[in-house]
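Q: In the working numbering, each residue's number is its place in the sequence shown (first place is 1) plus 1. Using N, Cα and C, we set each Cβ at its ideal position, and we do this for glycine too. Owing to the predicted nature of the structure, the values given are computational and were not obtained by experimental measurement.
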Amino acid sequence: MRMPEYDVNSEKEWSISRGTESSETGKICCMFTCICFCVYLQSHYRTWAPTQSQEERLNAFHRKQLKKVLNIKYPVKITNSSLYNKCNERPLSIFILESRWRLFGHILRRDSQIPANQAMSRYFVTEGSKFKGRPLTTLPVVLNRDLSLIIKSNLQLKSSHDLEHLRSIVQQRDEWTKLTARIREAAEASESEH
2 MRMPEYDVNS EKEWSISRGT ESSETGKICC MFTCICFCVY LQSHYRTWAP TQSQEERLNA
62 FHRKQLKKVL NIKYPVKITN SSLYNKCNER PLSIFILESR WRLFGHILRR DSQIPANQAM
122 SRYFVTEGSK FKGRPLTTLP VVLNRDLSLI IKSNLQLKSS HDLEHLRSIV QQRDEWTKLT
182 ARIREAAEAS ESEH
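#1: Verify whether the separation of the beta carbon atoms of R174 and R101 is less than 8 Å.
#2: So, is V143 buried or exposed, given that buried needs 16 or more other C-beta atoms within 10 angstroms?
#3: Distance check for N81 and D163, CA to CA, integer angstroms please.
#4: Using a 10 Å radius around the Cβ and a threshold of 16 neighbouring Cβ atoms, would you call N155 buried or exposed?
#5: By the DSSP assignment, the alpha helix (DSSP H) with P141 in it spans what residues?
#6: Taking just the CA atoms, how far does I108 sit from S122?
#7: Is I184 buried or exposed, if buried means 16 or more other CB atoms sit within 10 Å of its CB?
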């Protein structure tokens, strides 16, 4: 998804800062550009492995900003789905999920000797004893969680065999596109349930 290009000196952005009337879509585009810029500044959001609570907090912050742009304050209530529909937006966690799977597909298509592929292959090699405590939330754990959202699917990412199976799927672009679309739709459905 490309970010829209804006002229810093354009009248639309300056009218927002001066407090004059502007279209809601203009305000939302400006706000979304600012948020995307912040995410890009954080860098490596595609390789970020957020926990469920981090994703929920990110989406809550996004909704809060959308309400500010639309000037929706306390007595007025609006559902999350209505807010996203009115703004023609999606939760930021869905945007990050799509980017994560797009990058994962690009890496799997590349040569197996690149460092990213070697790291993925070595991740599933179990050597030594496991440490005590809560399991870490790593990128493969988040990718497996994304795969588990798909109903009636036996796909998972828990072993090197599963990684090789995904590598064979990614070589067929149509199949990979369908898989990522199913993951996105399942994530959007689970998001709307909350």
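A: Concretely, from the data shown:
#1: Taking 8 Å as the Cβ cut-off, R174 and R101 do not qualify as a contacting pair.
#2: Result: buried.
#3: A straight-line Cα-Cα distance of about 36 Å links D163 and N81.
#4: Result: exposed.
#5: First-last of the alpha helix (DSSP H) with P141: L140 to S149.
#6: Using only the alpha carbons, I get a separation of about 12 Å.
#7: With 16 or more Cβ atoms within 10 Å of its Cβ, I184 is classed as buried.
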